[in-house]
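Protein sequence lines, in the order shown, are assigned to chains A, B, C and D.
Each residue of the first sequence is one higher than the last, beginning at 1 in this note's numbering.
Each residue of the second sequence is one higher than the last, beginning at 1 in this note's numbering.
Each residue of the third sequence is one higher than the last, beginning at 1 in this note's numbering.
Each residue of the fourth sequence is one higher than the last, beginning at 1 in this note's numbering.
Glycine included, C-beta positions come from ideal geometry on N, C-alpha and C.
Owing to the predicted nature of the structure, the values given are computational and were not obtained by experimental measurement.
See structure below.
Protein chains: 4
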Amino acid sequence: MAKSKSLLTVDDIVGAWAIMPTPAKPGSTDWRAEDTVDLDETARVVNGLIEGGVNGILAMGTLGECATLTWEEKYEFMATLVEAAAGRVPVFVGTTALNTRETIRQTKAASDLGADGTMLGVPMWCAPSVETAVQYYKDVAEACPDMAICVYDNKEAFKFDFPTSFWAQVASIPQVVTSKYGSMDRLLQDIAASRGQIRFLPIEAAYYGAARMEPDFCTAFWSNSAVCGPATVTRFRDVVADAKQSGDWSEAKVMAGEIGHALSTLFPNGSFKDFSMYNIILEKERMNAAGWMVAGPTRPPYHIVPEDYLEGAHESGRRAAALHKKYSS
Amino acid sequence: MAKSKSLLTVDDIVGAWAIMPTPAKPGSTDWRAEDTVDLDETARVVNGLIEGGVNGILAMGTLGECATLTWEEKYEFMATLVEAAAGRVPVFVGTTALNTRETIRQTKAASDLGADGTMLGVPMWCAPSVETAVQYYKDVAEACPDMAICVYDNKEAFKFDFPTSFWAQVASIPQVVTSKYGSMDRLLQDIAASRGQIRFLPIEAAYYGAARMEPDFCTAFWSNSAVCGPATVTRFRDVVADAKQSGDWSEAKVMAGEIGHALSTLFPNGSFKDFSMYNIILEKERMNAAGWMVAGPTRPPYHIVPEDYLEGAHESGRRAAALHKKYSS
Amino acid sequence: MAKSKSLLTVDDIVGAWAIMPTPAKPGSTDWRAEDTVDLDETARVVNGLIEGGVNGILAMGTLGECATLTWEEKYEFMATLVEAAAGRVPVFVGTTALNTRETIRQTKAASDLGADGTMLGVPMWCAPSVETAVQYYKDVAEACPDMAICVYDNKEAFKFDFPTSFWAQVASIPQVVTSKYGSMDRLLQDIAASRGQIRFLPIEAAYYGAARMEPDFCTAFWSNSAVCGPATVTRFRDVVADAKQSGDWSEAKVMAGEIGHALSTLFPNGSFKDFSMYNIILEKERMNAAGWMVAGPTRPPYHIVPEDYLEGAHESGRRAAALHKKYSS
Amino acid sequence: MAKSKSLLTVDDIVGAWAIMPTPAKPGSTDWRAEDTVDLDETARVVNGLIEGGVNGILAMGTLGECATLTWEEKYEFMATLVEAAAGRVPVFVGTTALNTRETIRQTKAASDLGADGTMLGVPMWCAPSVETAVQYYKDVAEACPDMAICVYDNKEAFKFDFPTSFWAQVASIPQVVTSKYGSMDRLLQDIAASRGQIRFLPIEAAYYGAARMEPDFCTAFWSNSAVCGPATVTRFRDVVADAKQSGDWSEAKVMAGEIGHALSTLFPNGSFKDFSMYNIILEKERMNAAGWMVAGPTRPPYHIVPEDYLEGAHESGRRAAALHKKYSS
């Protein structure tokens, strides 16, 4: 089943990277549910994203329900992702687990299926030291030399601050080529410390600032909105690229404002900490409200959310849908 | 393989409950290692604890490396535990996982092997709300009606405060009969809120205080020192029981002081938060230094620790060994 | 105005210690307000507490608005407290400030007015190390040798964990004789580390547990409910003392439950962290609802609170008033 | 002594704003010390900064020992600052206190002395809500209509996250014209939310990024290094201005790297939280090591620091001195 492939490099990480959910069939909130992944919708979405122009796909992070899928579901989902992408864009799948050996087992399976890389966080039972986190990435890279690694920087989920000294060290691992990155505060110093070996992906709403700060290096971003319709982020990518050439950032700034406005109601009380408790269901309900795809229900135990938090997610989805419509024409 | 068994009740939870590590063979820090559990040592330790007089066994919590065992290792370890205990004392095994369905899968397997209960924490990718945590325990209890549940209250690991309102709700689940409990601050109100349906187990060092505060209900405790030699905690249990009868707590207080003194060097900088980062290796190195059993090396990624933190763990182990020797005679 | 006095010792700290608010005149929420302290009500409350049987008075902590009084107001309030108490019970006043020298200035003035001691927290602009906090208490004690010190252990306000190593060190300062104490988790080890030189005062709701755990040493507590009517806590003090003699704790337990029930609605969402943001206004509104005294409005900037948090405070006050009525007869 | 002055506007806040310490005489670590401010050095430094080309002066923040000066010392220090500046550049003085009324009292005094504005944090005994913080700034502005306000955004000191909703509200207060600002993560959205009414000042090390992201609006920054020799930051200011014109950012980037390198050893373990505990003494020891001015010792209780933290501060000072020398020529 394995395909021959070469390890991606930092130069391969450009443009708009779409974060995928793992579409769930009706009834997936029940602990009795098995085989919950809607594989048809998965294939349809992958194809739609690629035809819509995204440059890469990231799956099975937090909103991708890495935590709550069974292994059998993960395996089939990964197979479907790779098959649907058919080599048109790189596909990274999440293999974060509770320990090094289980991560390696899952990453090897993903590699055998043909995935290009793993979007990988740190085991989260105990908060890791920098040394523990670095050794973990080294071990996975040594065990899975063909898999590129996108460091999944989520400070709440992984109880880890991902400090500059961490980036300085993992930059020496050839497999570590990118990061789903969380903080603009340290972007420039983290780029410097990692000697240009790691393409840090800001969220789309922060890409405008990153691209202005470091136009030569900041050439890619991740998007949780692409699955609400990809037209906005692919246009945004191109508008930013044009601005880098022309020096006229006015259109890019307008779009950044639109994207930020669409996202702003997603975070309950404007708090990332509160959002982190209900991240999965809020993101999926946002997608469901946008209507471009069917993300479906949320798998247990994260299927419960205060009713009044949902309205912000729905509004955010409707705004994203409106932007997609605007930029589709 | 399944044995016929009846669900334990709160009345079955009394005395000294020993926390087990999962003994590791040499070389277990390497990610290439497979089949790392020393099953012979496991059986020897279980037998030694029971012959030493402990009342129950708790396995695969944090120091028991629930996070870092492979499923195959967990399965064999559980089978060995149950077989070695041979029904002489109840055995609870840890089946905490990243989601409800995987927890249920593991818990069912443990039940089929004959375990009496699960020492169970909450999925930890996202911090749960009270409602999320309660529903999780309800789902597991519904799926595994024969398994008693010991709620594993570890605020750092599970990003959850286990507030009184949580205890009030899970007390209605018949399977929830006990808790490896973390805070003396709220003990009396949590006992009241749970209407006497949950035997809260303080750590041995806190049992003196708990037993004085609520002598009728506080009749059991957990011990991370029993595997440094069980004589201290079984004697302590009996001394406290005598004190409840006689009203003379002087000997119990002396022993509580000795136990506290032996534990005091285990926590780097006296901080539970710092300890939580290196919990597993510090506890295992303490056991190794005590010499009553061979806990072996620590599995990845938690096998790394600052050198200067180890000395406190070793001293703690030596002190525990000295107490065991004193109370063995 | 200074009276001749001798330094209190740990043996002088017994029984029920009432926490006072600083009664405010109407209009005190306005930044233009001056001379806001209702001195008549102050004198009336002090007299009422002493006639009601309390053993000591603590003033100008958090709910006592140490933070928000002007110096002139503090000075007059302290003078009134001391004059009203007239030596019948010890009076401790809060002189926590942003630095060592200002604390000393205020403490000297309090001493000159005849106060027996200071309820003293740590400067809070920067989180202190243990060494910084210990030196601060040493400096104040050296500068004000006649003033007893009640260490004000409030982890949220002072960004300090008050660890056991801190207590071990401040126990060597003769002036440190007591503490408004925050955590039952470490009570026994903190008593041991401080070699019996510091009377730790738990809140009344926790006194039942403390008195059972360590009946010989735990002979005093602080109360935020005494100003809702002192009959409950003075009766509780005596009931606990009787229980220590008789060994029959049943009545004490019932009262502890009543007191806990009355307090339980004070904490929004059951969270001490949330409570800490609105501590002052919630406590004062509770007192106002109880009706035994007029605490008045809350001084700026802490006069703002979400409307729905108030109902819990009012209910708590009504419950406290009902208990006072019950135990007054 | 009051001078006639007009309220500064956002347009007046441009260029390099130097943060001043409050120079201390020998012996100032002793609680017995009085009159500790070295007023001669103060006047000399103010003159040197202005002759060196800085655009504004900020005093009595954290490192400026707002927390640990007596009122008499603050008053004389403010008078000296204003007199030495002599209207050549705007001077903002810190009047953060424990409550609204004391802040207003100090701010009025500063206004009467001729200060242009206050660098103002939020009372820190209780963590404020957004509503509490906003009302506080409104009250101060109403009471002191002639004083500009620089919001002092320090999340650790003031227990407040300064979220975007806060900026949206304080932007309506005419006096709020700038902020000593802490986070690049939200810079663009905070600029948008405040409708261009607040000049957010990043630290010099972050100014490069801010100026690229939002070149039209980001025209000013604060500097804790100017007092290690002002040549570096005034050159940096001009180089960035040139880059905005030419589009060639290469020299600005080199300088940003040099500045970041000089700062990097100031933070113990690379942690802002650890730094926050020893902020004052580390900053002052850095200045003392740089040698451009005599910051002197640190006032109590913040005069204690682990010995091994000092070396990083000294190295940072030496590096800053070397840069100053380089850019002076």
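Would you say residue i reaches chain C, if we count a Cβ-Cβ gap shorter than 8 Å as a contact?
i: B:Ser179; result: no
i: D:Ala109; result: no
i: D:Trp17; result: no
i: B:Met255; result: no
i: B:Ala192; result: yes
State yes or no: is the C-beta of residue i within less than 8 Å of the C-beta of residue j?
i: D:Ala84; j: D:Thr42; result: yes
i: A:Ile198; j: A:Val140; result: no
i: C:Lys284; j: C:Trp222; result: no
i: A:Leu49; j: A:Ile57; result: yes
To the nearest angstrom, how far is it from the Cα of residue i to the Cα of residue j?
i: A:Gly296; j: A:Lys25; result: 6 Å
i: C:Ala289; j: C:Gly229; result: 12 Å
i: B:Ala33; j: B:Leu69; result: 11 Å
i: A:Leu188; j: D:Val151; result: 25 Å
i: A:Trp292; j: B:Gln106; result: 37 Å
i: A:Gly52; j: A:Ile19; result: 14 Å
i: C:Leu81; j: C:Ala226; result: 16 Å
i: A:Arg318; j: A:Arg286; result: 8 Å
i: D:Met1; j: D:Glu142; result: Unreliable positioning characterises D:Met1 in this predicted model, as indicated by a pLDDT of 39, which lies under 50. A coordinate reading is not provided.
i: D:Phe267; j: D:Phe275; result: 5 Å
i: D:Cys144; j: D:Lys325; result: 41 Å
i: B:Ser194; j: D:Ala262; result: 57 Å
So with Cβ pairs under 8 Å, would you call residue i a contact of chain D?
i: C:Ser276; result: yes
i: C:Glu280; result: Residue 280 of chain C is actually Ile in this sequence, not Glu. By this cut-off, C:Ile280 is an interface position.
i: A:Leu188; result: yes
i: A:Gly247; result: yes
According to DSSP, is residue i part of a helix, a strand, or is it coil?
i: A:Ile304; result: coil
i: D:Gly53; result: coil
i: A:Leu8; result: coil
i: C:His324; result: helix
i: A:Thr178; result: strand
i: A:Met60; result: coil
i: D:Val14; result: coil
i: C:Phe267; result: coil
i: B:Trp249; result: coil
i: C:Met119; result: strand
Within 8 Å of any Cβ in chain A, is that where the Cβ of residue i sits?
i: B:Asn99; result: yes
i: D:Arg195; result: no
i: B:Ser165; result: no
i: B:Trp292; result: no
i: B:Ala127; result: yes
i: B:Thr62; result: yes
i: D:Ser225; result: no
Quick check on residue i: buried or exposed, where buried means 16 or more other Cβ atoms within 10 Å of its Cβ?
i: A:Lys3; result: Interpretation of A:Lys3 is limited by its pLDDT of 47, a score under 50 that renders its predicted location unreliable; no figure is taken from the coordinates.
i: C:Gln175; result: buried
i: B:Ala86; result: exposed
i: B:Glu72; result: exposed
i: C:Val240; result: buried
i: C:Glu258; result: buried
Counting contacts by CB-CB distance shorter than 8 Å, is residue i in contact with chain B?
i: C:Asp242; result: no
i: A:Arg412; result: Any property of residue 412 of chain A remains undetermined from this structure, which presents chain A solely from 1 to 329.
i: A:Tyr302; result: yes
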